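Colleague: Numbering (the working numbering), first residue to last: 37 to 231. Ideal Cβ placement from N, Cα and C applies to all residues, glycine included. All values derive from a computational prediction rather than experimental measurement. For reference, the structure I am asking about is given below.
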Ligand SMILES: [Fe+2]
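Here is the structure:
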């Protein structure tokens with residue numbers, strides 16, 4: 037998940053770096069694929085022209101400060117926010133099954149796109165897992181409820197479409213091995229997390 041979608045001019049990197057990243061993206065289409073899937077997902081759902089509500093000034097400040105925290109404070113919350121993404125996508129997958137039961141073509145296409153996005157997000161969780169040890173894992177379980185509650189309460193539609201309590205329970209009991217095999221195969225998960 038990406039916090040704050042508003043492009044921040046201050047975040048712009050030097051041209052040379054940007055050129056290198058662009059070159060890398062062109063060489064590694066699989067990475068750019070996620071971006072394409074995200075955009076197509078929105079367009080397919082008729083949300084291609086959606087305008088993102090800017091963050092409130094307080095939230096913007098919080099999001100700005102977050103990456104500046106020292107690693108020992110940042111790593112566990114960062115893991116939980118990535119986990120929140122995976123939990124959300126897994127629940128969205130089930131919702132697509134329910135909602136488009138009479139429209140199999142739409143259902144299949146949306147799930148294909150969602151799979152690409154989920155595979156990417158699982159890799160973020162996998163990567164973030166490497167930054168925390170057993171203590172961080174314990175702390176992350178305590179953080180799931182306040183983080184999920186705070187974030188999802190902010191989006192009124194979530195409470196209508198999803199069971200937030202179930203999402204919290206899933207987040208607390210998350211295990212990479214419970215993901216579908218084809219997601220595990222295509223994503224990146226630390227070897228010590230696999231059975
Ligand atoms: Fe992510």
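Is residue 87 close to chain D? Criterion is C-beta to C-beta, closer than 8 Å.
Modeller: No chain D is present in this structure, which holds just one protein chain.
Colleague: Is DSSP giving residue 60 helix, strand or coil here?
Modeller: Confidence at residue 60 is low in this model, with a pLDDT of 48, below 50, so the placement of that residue is unreliable and no value is reported for it.
Colleague: Under 8 Å between the Cβ atoms of residue 183 and residue 120?
Modeller: Their beta carbons are under 8 Å apart, which means residue 183 touches residue 120 by this criterion.
Colleague: With C-beta atoms as the reference, is residue 158 less than 8 Å away from residue 204?
Modeller: no
Colleague: Shorter than 7 Å, the distance from the beta carbon of residue 127 to the closest heavy atom of ligand 1, or not?
Modeller: Answer for residue 127: no, Cβ out of range of ligand 1.
Colleague: Does residue 189 come out as helix, strand or coil in the three-state DSSP assignment?
Modeller: helix
Colleague: Quick check: what's the CA-CA separation for residue 160 versus residue 152?
Modeller: 13 Å
Colleague: Are the segment 68-77 and the segment 136-154 touching by the rule of at least three beta carbon pairs closer than 8 Å?
Modeller: Result yes; three or more Cβ-Cβ pairs closer than 8 Å.
Colleague: Using DSSP with H/G/I as helix, E/B as strand and the rest coil, what is residue 162?
Modeller: helix
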